[in-house]
Amino acid sequence: MGTPSAMNTNSENCVANATMANDMQPLIERIRELEALLKQRDQEMLELRSQLDKLQSVFPYQQYARASRAPRKQRAQGISAEPQTSSSLQDLAHQTFPVYDKNDM
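Under the UniProt record's numbering, the residue at position 75 of the sequence shown is numbered 75, and the numbers go up by one with no gaps.
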């Protein structure tokens, strides 16, 4: 078996290990609590990201990011068919254009 001194040392190691395990037990429990809390927060983040993706598919993010700035689409200025200066308007007033009858075509 072993000498009495070796058995005594072995039993002291067992007692020391048991004491250390008892001291570590609250720390281990705290680690488990924190891991559970992290898992819960990860689940919440996944759920919130999913909801955000749904909302962004309906309302694009750029629409709200640029709300305070210029509009998303700039309207082009239309080209007017009317003369821009009065002299060209007077020229058109005196000019005659050919008249075509609808039946001739």
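Don't be surprised by glycine CBs; every beta carbon is placed ideally from N, CA and C.
| said: Below 8 Å, is the gap between the Cβ of Asn22 and the nearest heavy atom of the ligand GDP? | reply: This structure lacks the ligand GDP, and indeed carries no ligand of any kind.
| task | Give every residue of the same chain whose Cβ lies closer than 6 Å to the Cβ of residue 109, excluding the five residues on either side of it in the sequence, and list them in chain order. | result | Residue 109 lies beyond the residue range present for the chain, which begins at 1 and ends at 105; the question has no answer from this structure.
| field | Arg32 - DSSP class collapsed to helix/strand/coil | value | Translated into the one-based positions of the sequence shown, residue 32 becomes position 32. The answer is helix: DSSP assigns Arg32 an H, G or I state.
| task | Put Pro98 into one of helix, strand or coil per three-state DSSP. | result | Against the sequence shown, residue 98 aligns to sequence position 98. Of the three classes helix, strand and coil, the one that applies to Pro98 here is coil, per DSSP.
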